[in-house]
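**Student:** So the sequences go chain by chain: A and B.
Quick note, the first sequence lines up with residues 2 to 460 if you use the working numbering.
Quick note, the second sequence lines up with residues 281 to 897 if you use the working numbering.
Backbone N, C-alpha and C fix where the C-beta goes; we use that ideal spot for every residue, glycine too.
Since we're looking at a predicted model, the values are computed, not measured.
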Amino acid sequence: MAKARVQALRQADQLAIHQDDLKEEEIEETLDESADPLEESGRTMDDSSEEEVEDSVAEDILRFEESFTGINKRYRLINRIGEGTFSTVYKAEDLEYDNYNNRWDIDERENRKWMSPGHQRRPSRRPHYVAIKKIYVTSSPMRIFNELDLLHDLKSSDSVCPLITAFRHLDQVVAILPYFQHRDFREYYRDMKISEMRLYFKSLFLALQSVHGKQILHRDIKPTNFLYNPQQARGVLVDFGLAERQGTDWHQCACALTSEERRYKISHSVYAQTQQSGHQTSSYPKNEIRSSRRANRAGTRGFRAPEVLLKCTQQNTSIDMWSAGVILLTLLSRRFPFFHSADDIDALLEITSIFGRKKMKETSLLHGQVFETNIPSYSDAGHSLEKIILWCTGRTGDKSGPKKELDDEEKEAVQFLYRLMECDPTKRITAAEALRHPFITKAFEDTEDDEDMVDLVDA
Amino acid sequence: MAAVAIPLSSQVMSTMSNRRVPLSNLQNATNSPLRVVNVGGKRQRSHASEQRDVPYGQPPPKKQILEVDDAEGRRYGLGRRSAAPTALQKKLEAAREIKAVSKQTEKSQRVVNENLETIRQWQKHYRKMFPSFVFYFESIPDEMRYRVSKQVQTLGAREVKFFSREATHVITTRPIPAELNTSSSNPSSKGTVNPAQLETKRSVFDTALQKTSGHVDILSKAREMGMKIWPAEKLQRMLTTMYNTDTGEEPPNYSTRHGVATAQSRLGRQADLQKLLQNEKLNGPLDRDHSVATQDMIQLRGFYIYIHDMDEVTRPVMVREYPKVAKKDEGKWPQFRLSGNGKCPFIEDSHHLRKQQQQEQEEHRAKKAAAAAPRTRAAAAMEEKRVLGENNNIARRTSVTSQASKEEDTKPLDPPKIIPTKRTNTTDSMPPMFGSAQASIRTMPRFAGGQPVASGIQQSNITSAIRSQMISSTSAAPGARAGNSKEVNQLKRKVLEKNSVPSANSGHSSVMNDMRAALNQESAQPARAAKRKAQETLGYIREDTYPEEEERHARKIAVARRRKTAEKELKPGYCENCREKFNDFDEHCLSRKHRKFAVTTDNWIELDTLLARLARQ
């Protein structure tokens with residue numbers, strides 16, 4: 002019986018969804034009509050997921066609606082668009098849009114700017130979309146509090162996905178966020194131009210600047226969590242589920258000492274003394290009784306900074322800058338994902354394969370760790386990032402032919418990349434500094450040029 | 281049951297309204313210090329659940345050896361962490377034991393020689409004695425003194441720089457004065473007489489000569505004070521014997537131990553009791569029998585990565601050992617590999633490889649056709665695929681035939697050529713499926729919807745279990761997008777495919793996986809993770825056999841089947857609120873315990889105050 006009912010409902014839902022497809026097309030048209038100058042290419046950014054909703058998803062949506070009394074009065078769930086670490090995200094239509102203040106709606110704000118005064122007064126008839134983040138009921142109220150509290154703190158920052166509202170029904174908490182049109186990273190990582198990267202990172206660092214300004218670590222910077230819309234050169238940072246305030250649970254780590262203090266500590270360490278006493282072989286106890294070093298390592302594999310992998314106990318906002326560096330490396334090398342990193346050990350070894358043993362030894366010592374390896378694939382000095390990028394883009398190998406080089410723009414990007422993928426967190430560039438780096442400041446110049454051009458055309 | 285409400289929480293929460301409290305303070309987080317205190321009432325209800333929960337806190341000394349604290353391993357931890365070892369674990373354990381035993385018997389067979397046995401006992405004796413020895417080196421060349429000093433220190437003895445009563449042994453190159461009396465002062469006379477001692481004994485006359493030389497000689501002083509005076513050669517001979525590995529002893533192991541201990545005393549900072557105790561905890565008491573102790577340390581013999589605390593206070597952050605291989609590109613550690621454009625450079629791309637081989641064959645044919653012709657485009661393209669200069673770990677694997685023709689223009693640093701395909705000729709001489717297991721495991725990243733998934737959350741110990749549940753839960757990966765590579769799409773399918781695996785399908789493959797793991801000596805991989813990954817691999821293989829057209833159909837069937845067995849599809853995980861592992865997410869959410877948590881308003885007061893501020897305006 003129940004099954005039959007579910008199926009009937011699902012069919013109804015599918016019909017509704019089909020109708021929605023039509024609506025969606027209309028929206029695209031209306032959007033085109035709004036004559037946003039940045040959209041002159043007329044390309045749609047439709048995410049095609051609208052077209053088909055899988056049975057399992059439809060069922061999931063149904064169950065969600067049933068369990069969360071009253072949600073379908075406020076929102077009409079359309080599709081499931083993502084699954085985070087502790088949550089599922091749905092696309093939904095905001096049924097009560099017009100009843101509320103919608104300062105969060107950047108699109109609307111911008112549309113209005115370009116609309117004729119007559120248009121402005123007329124309440125827009127097109128549907129408004131939101132993203133509903135269903136936080137799993139197995140998450141503790143404390144964890145949920147953390148995420149929502151941080152988001153609330155960041156509500157004034159552009160380029161951080163604003164929280165529209167959040168509410169609870171029994172153990173189910175949902176957060177309502179704007180539905181942000183963006184392009185999937187996988188569509189453009191192979192052919193993004195350097196000038197486009199400047200804009201991408203400008204937007205990303207603006208977001209990180211405001212997050213870091215509040216002493217918050219995002220902890221999970223990666224393409225999936227930065228919804229970027231190339232047409233508008235605008236992106237928003239999402240998913241603060243792993244974020245934390247800097248200083249949470251800190252314990253003294255050697256990296257926070259002055260270099261003299263650290264040098265003294267290292268030279269008086271047990272390791273230094275065993276080295277002096279001439280012992281060479283590496284061995285470790287079979288039955289480990291020491292406690293393990295504990296540090297927050299939340300994040301996504303392949304995007305974790307070396308200090309996270311080395312369990313630094315005083316991680317700060319610079320871990321996000323490393324992750325941003327990994328994105329830049331991905332774009333410059335046209336390889337995604339760049340790091341495979343089945344686990345933390347693999348992750349560190351992959352970093353070692355680029356930067357070499359010497360650098361990793363130094364980096365480890367920064368955090369009071371001794372790095373030992375005899376794996377033959379890793380050289381002492383590692384490889385230059387230029388070389389890695391040339392190799393990844395198939396520009397190496399032919400010795401008889403003319404030596405291939407990166408072009409000037411790429412070289413500039415690589416210089417910037419070195420600042421992001423700096424193994425020493427204290428030397429790594431900060432978001433604020435990055436925004437002043439030539440690689441990024443040129444992005445501003447470029448857009449200004451564009452606007453001048455538009456002005457000229459208009460004149 | 282409302283008594284579950286936690287007394288401390290309101291206090292905690294009130295501070296939280298402004299600043300976030302570390303997640304470890306979360307009363308429900310298993311690693312929270314509050315937990316033990318607060319939770320008592322609840323806990324007593326079921327000891328079973330307590331036992332199950334224990335591994336979620338900081339684990340007691342783990343048996344698990346090579347994979348020290350590997351979070352990714354924990355991710356799949358459900359079975360692994362429970363009290364009863366999984367079948368796979370048992371097998372691995374058994375394999376390990378057998379290995380150890382056979383090694384020992386082998387050794388003991390070698391040590392049939394009685395002489396060796398004697399030496400062994402001698403070693404044992406002196407190993408006990410050495411830590412009580414205090415050496416003073418007299419008339420010893422600096423270089424030699426430095427070396428010997430180090431050696432005795434590794435055995436637990438000390439060196440004094442200035443002659444004093446403290447010394448027990450004086451080592452000299454000079455002739456040794458005769459003993460004052462032959463009474464009990466020299467224990468060596470009771471035991472075996474060292475021939476060296478006899479040889480170097482000088483006449484009374486010599487000693488007398490030295491005595492007449494005006495100042496009080498250190499050696500005679502030492503004699504007076506009842507110290508032992510050893511000629512340098514004797515000590516050296518002793519040390520060589522001590523380090524003699526014929527007897528099956530392995531000095532490097534205890535040398536670590538004592539290197540650490542003595543280094544500290546040498547520093548003269550014995551006051552650092554904590555460090556000393558720490559060392560003793562780690563290395564065992566200084567005066568114990570070290571011939572036994574060697575078994576407590578695991579030596580890294582293969583290719584390894586070992587990252588450890590410079591003060592040895594905490595356990596190593598990373599330890600992993602890889603079997604030695606003939607060529608480094610066969611190593612299973614991460615390294616740059618031949619891969620197609622757009623793909624991860626650390627994963628060998630067999631598809632790309634095949635393409636390249638074809639290309640090479642074409643090129644070969646083209647070369648044949650026009651030997652003198654200028655470089656073909658294909659050839660140029662091929663060359664571009666060449667790898668980072670001297671970095672020859674990115675193997676160019678080519679067919680033998682095409683290789684022959686290319687011989688002249690290959691670089692000297694290129695890896696050995698004849699590796700026709702990956703699956704044959706593996707050094708470990710395993711059936712192809714087993715030989716390449718690790719390699720294919722490495723090609724299976726954890727993806728959801730084609731994108732890497734966050735992991736490694738440690739603080740509130742939400743663990744792994746939940747995450748894996750999430751990943752394996754029915755996923756609606758956004759539909760196909762333009763420009764997605766086939767691989768990316770495949771990854772997406774894999775996410776879906778995985779769903780059906782956890783409960784129903786795992787049975788048939790587990791035996792294979794166990795074998796595979798055992799054969800492959802996958803001790804480096806946490807058993808459970810290896811199993812899980814291997815399953816993914818199998819899933820991949822199985823999936824690959826679908827021709828493109830059938831694929832859709834197959835998926836439809838899968839969906840249908842899933843719908844039918846909707847209730848049986850388990851989503852295991854961990855609930856932070858009930859601090860409980862569960863086999864099925866949906867089932868757990870309906871459980872009495874969880875419902876109780878959900879309806880207890882006390883649990884939600886603080887969050888609700890925040891939510892009130894977030895109300896839509």
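Could you check if A:T318 is buried or exposed, using at least 16 other CB atoms within 10 Å of its CB as the buried criterion?
**Tutor:** buried
**Student:** Fully enclosed by the segment 570-645 of chain B, which beta strand (DSSP E) runs are 3 residues long or longer?
**Tutor:** 577-579, 583-589, 598-602
**Student:** Classify A:W105: buried if its beta carbon has 16 or more other beta carbons within 10 angstroms, exposed otherwise.
**Tutor:** Looking at its Cβ environment, which holds 16 or more other Cβ atoms inside 10 Å, A:W105 is buried.
**Student:** Select from the segment 602-617 of chain B all residues with a C-beta closer than 8 Å to any C-beta belonging to chain A, and list them in chain order.
**Tutor:** Taking 8 Å as the Cβ-Cβ cut-off against chain A, the residues of the segment 602-617 of chain B that qualify are Y602, K608, D609, G611, W613, P614, Q615, F616.
**Student:** Could you tell me if A:F87 is buried or exposed, where buried requires 16 or more neighbouring beta carbons within 10 angstroms of its beta carbon?
**Tutor:** buried
**Student:** Going by C-alpha distance, which of B:V440, B:N395, B:M424, B:S419 is nearest B:F413?
**Tutor:** B:V440
**Student:** Residue range of the beta strand (DSSP E) that A:E84 falls in?
**Tutor:** 76-84
**Student:** So, with DSSP's three-state summary, where would you put B:P411?
**Tutor:** helix
**Student:** When you compare the segment 249-264 of chain A with the segment 106-113 of chain A, are there three or more beta-carbon pairs, one atom per stretch, that lie closer than 8 Å?
**Tutor:** no
**Student:** Using C-beta distances below 7 Å, list every residue in its chain close to A:A433, excluding the 5 sequence neighbours before and after it, in chain order.
**Tutor:** The residues are Q210.
**Student:** Return no unless some Cβ of chain A is closer than 9 Å to the Cβ of B:N621.
**Tutor:** yes
**Student:** What does the alpha-carbon distance come out to for the pair B:F616 and A:L155?
**Tutor:** 40 Å
**Student:** Could you give the first and the last residue of the continuous beta strand (DSSP E) run that contains B:E860?
**Tutor:** From DSSP, the beta strand (DSSP E) with B:E860 extends over 860-862.
**Student:** Alpha helix (DSSP H) containing B:R893: first to last residue?
**Tutor:** 885-893
**Student:** Looking at the C-beta of B:A512, does it have a partner C-beta in chain A at a distance below 9 Å?
**Tutor:** no
**Student:** Helix, strand or coil: which one does DSSP assign to A:A273?
**Tutor:** helix
**Student:** Given this structure, state the Cα-to-Cα distance separating A:P224 from A:I217, to the nearest angstrom.
**Tutor:** Spanning the two alpha carbons is a distance of roughly 19 Å.
**Student:** Short check: CB of B:W884 to CB of A:P426, under 9 Å?
**Tutor:** no
**Student:** Report the option in B:E601, B:C869, B:R595 whose CA atom is closest to the CA atom of A:Q173.
**Tutor:** Selected option, being the one with the closest Cα: B:C869.
**Student:** Does the beta carbon of A:P128 sit closer than 9 Å to a beta carbon anywhere in chain B?
**Tutor:** no
**Student:** Alpha carbon to alpha carbon, how far is B:I627 from B:L633? Give it in angstroms, no decimals.
**Tutor:** 12 Å
**Student:** Quick test of your reading: A:F202 and A:I430, contact by CB under 8 Å. State the CB separation rounded to the nearest angstrom.
**Tutor:** The beta-carbon distance between A:F202 and A:I430, rounded to whole angstroms, is 11 Å. This is too long to meet the 8 Å contact definition.
**Student:** State the Cα-Cα distance for the pair A:N230 and A:V237, rounded to the nearest angstrom.
**Tutor:** 9 Å
**Student:** Using the three-state DSSP reduction, which class does B:E446 fall into: helix, strand or coil?
**Tutor:** Correct three-state label for B:E446: coil.
**Student:** Is any beta-carbon of chain A found at less than 9 Å from that of B:P625?
**Tutor:** Interface criterion met: the Cβ of B:P625 is under 9 Å from a Cβ in chain A.
**Student:** Do A:H170 and A:G71 count as a contact pair if the criterion is CB distance below 9 Å?
**Tutor:** Going by C-beta atoms, A:G71 is nearer than 9 Å to A:H170.
**Student:** Check the Cβ of B:A878 against every Cβ in chain A and list those closer than 9 Å, keeping chain order.
**Tutor:** V138, L171, D172, Q173
**Student:** So what's A:D108 in DSSP terms, helix, strand or just coil?
**Tutor:** helix
**Student:** Taking any Cβ of chain A, which residues in the segment 573-597 of chain B have a Cβ under 8 Å from it, in chain order?
**Tutor:** Q575, D576, M577, I578, Q579, L580, F583, Y584, I585, Y586, I587, H588, D589, M590, D591, E592, V593, T594, R595, P596, V597
**Student:** Checking 9 Å against the spacing of the C-beta atoms, do A:Y272 and A:V371 come in under that value?
**Tutor:** yes
**Student:** With A:I136 as the anchor, note down where its beta strand (DSSP E) starts and where it stops.
**Tutor:** 130-136
**Student:** Where does A:R77 land, buried or exposed, given buried means 16+ other C-beta within 10 angstroms?
**Tutor:** buried
**Student:** Determine contact between the segment 402-416 of chain A and the segment 344-353 of chain A, defined as no fewer than three beta-carbon pairs at a distance below 8 Å.
**Tutor:** no
**Student:** Give the residues from the segment 90-103 of chain A that approach chain B closer than 9 Å (Cβ to any Cβ), ordered along the chain.
**Tutor:** E97, N100, Y101, N102
**Student:** Can you pull the chain B neighbours of A:C162, defined as C-beta to C-beta under 8 Å?
**Tutor:** Ordered by position in chain B, no residue passes the 8 Å Cβ test against A:C162, which lies about 14 Å from the chain.
**Student:** For A:S284, which residues does DSSP report across the bridge?
**Tutor:** B:Q579
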